[in-house]
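See below for the structure under consideration.
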Amino acid sequence: AQKVTQAQTEISVVEKEDVTLDCVYETRDTTYYLFWYKQPPSGELVFLIRRNSFDEQNEISGRYSWNFQKSTSSFNFTITASQVVDSAVYFCALSVNAGNNRKLIWGLGTSLAVNP
Amino acid sequence: GAGVSQTPSNKVTEKGKYVELRCDPISGHTALYWYRQSLGQGPEFLIYFQGTGAADDSGLPNDRFFAVRPEGSVSTLKIQRTERGDSAVYLCASSSNLAGGRETQYFGPGTRLLVL
Numbered sequence: 276a277q278k279v280t281q282a283q284t285e286i287s288v289v290e291k292e293d294v295t296l297d298c299v300y301e302t303r304d305t306t307y308y309l310f311w312y313k314q315p316p317s318g319e320l321v322f323l324i325r326r327n328s329f330d331e332q333n334e335i336s337g338r339y340s341w342n343f344q345k346s347t348s349s350f351n352f353t354i355t356a357s358q359v360v361d362s363a364v365y366f367c368a369l370s371v372n373a374g375n376n377r378k379l380i381w382g383l384g385t386s387l388a389v390n391p
Numbered sequence: 003g004a005g006v007s008q009t010p011s012n013k014v015t016e017k018g019k020y021v022e023l024r025c026d027p028i029s030g031h032t033a034l035y036w037y038r039q040s041l042g043q044g045p046e047f048l049i050y051f052q053g054t055g056a057a058d059d060s061g062l063p064n065d066r067f068f069a070v071r072p073e074g075s076v077s078t079l080k081i082q083r084t085e086r087g088d089s090a091v092y093l094c095a096s097s098s099n100l101a102g103g104r105e106t107q108y109f110g111p112g113t114r115l116l117v118l
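Chains as they are written, first to last, in the working numbering: chain A, 276 to 391; chain B, 3 to 118.
In structure tokens:
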């Protein structure tokens, strides 16, 4: 099965708290890509990061960091010192081979509310 | 503009009517995707174009849905005999065909379709 699971449906934190959004994936592919997208209330999906299956280095971008662990098939996303503007639905996605296409398999999303 | 644009941003129609949704991808992007997103769900794949041809239309739910991309740039998603269950946000995404870039899909703001 090829699947993305985001077990946390909703998370609520107070501003300045750190928060980690979990993502667990399943795939038969040996080459695949993982993504995180942010969907603010405006509705547009904003690309945050892409990671390929051969690169397990963690990445940090400002207050955002990502922890990719193939051993546990997880690609977790941490926001440090959260801000109200971080309030959004965050989607984890997996890109897999599908014939002459690469399909994105999406998790159901985690709705993050950052309260002042 | 630099991003993916979609028109209209909102569309209200009556059951049984025909609608067209337009997507203008990022300039130079050869790959174009249509998705549908219902409330509380991740995006659901509909169709993928590489250039002018539909390389994968396996996500189209039935023959009422059709999409074209005649010149390899702008795409139109067409829905005939609309049903209330077609109400959703229709998202368009595009990606580069350059090595290292083709995996990342950039999304437009979506068209919110409401079928009464």
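All C-beta atoms in this analysis are idealised placements derived from N, C-alpha and C, irrespective of residue type, glycine included. Note that the structure is predicted; figures quoted are calculated from it, not measured.
Find out if the Cβ-Cβ distance for the pair residue i, residue j is shorter than 7 Å.
i             : j             : result
residue 78/B  : residue 70/B  : yes
residue 343/A : residue 325/A : no
residue 315/A : residue 359/A : no
residue 378/A : residue 47/B  : yes
residue 341/A : residue 334/A : yes
residue 112/B : residue 7/B   : no
residue 107/B : residue 97/B  : yes
residue 309/A : residue 369/A : yes
residue 9/B   : residue 84/B  : no
residue 93/B  : residue 45/B  : yes
residue 54/B  : residue 30/B  : no
residue 49/B  : residue 62/B  : yes
residue 357/A : residue 299/A : no
residue 320/A : residue 311/A : no
Within 7 Å (strictly less), CB to CB, does residue i reach chain B?
i             : result
residue 366/A : yes
residue 383/A : yes
residue 362/A : no
residue 326/A : no
residue 320/A : yes
residue 346/A : no
residue 370/A : yes
residue 308/A : yes
residue 378/A : yes
Could you tell me if the beta carbon of residue i falls within a distance shorter than 6 Å of some heavy atom in the ligand MG?
i             : result
residue 360/A : The ligand MG is not part of this structure, which contains no ligands at all.
Can you say whether residue i is buried or exposed, counting buried as having 16 or more other CB atoms within 10 angstroms of its CB?
i             : result
residue 58/B  : buried
residue 329/A : exposed
residue 293/A : exposed
residue 13/B  : buried
residue 117/B : buried
residue 303/A : exposed
residue 72/B  : exposed
residue 86/B  : exposed
residue 337/A : exposed
residue 382/A : buried
Kindly say whether residue i, judged by its beta-carbon, lies nearer than 7 Å to any beta-carbon of chain A.
i             : result
residue 44/B  : yes
residue 27/B  : no
residue 111/B : yes
residue 47/B  : yes
residue 92/B  : no
residue 20/B  : no
residue 106/B : yes
Count Cβ pairs between the stretch 338 to 353 of chain A and the stretch 55 to 68 of chain B that sit closer than 8 Å; are there 3 or more?
Put simply, the stretch 338 to 353 of chain A does not touch the stretch 55 to 68 of chain B. Fewer than three CB pairs are less than 8 Å apart.
If contact is defined by three or more beta carbon pairs under 8 Å, each pair taking one atom from either stretch, is the stretch 278 to 296 of chain A in contact with the stretch 355 to 366 of chain A?
Short answer: they touch.
Validate contact between the stretch 283 to 298 of chain A and the stretch 376 to 390 of chain A using beta carbons, cut 8 Å, 3 pairs
Yes: the two stretches touch, three or more of their Cβ pairs being nearer than 8 Å.
To test your reading of the DSSP string, which unbroken beta strand (DSSP E) runs of 3 or more residues are found completely within the stretch 3 to 73 of chain B?
Within the stretch 3 to 73 of chain B, the complete beta strand (DSSP E) runs of at least 3 residues are 7 to 9, 12 to 15, 21 to 26, 33 to 39, 46 to 52, 55 to 58, 67 to 70.
Contiguous beta strand (DSSP E) assignments of at least 3 residues, all confined to the stretch 320 to 376 of chain A:
Listed in chain order, they are 321 to 327, 334 to 336, 339 to 344, 349 to 354, 363 to 373.
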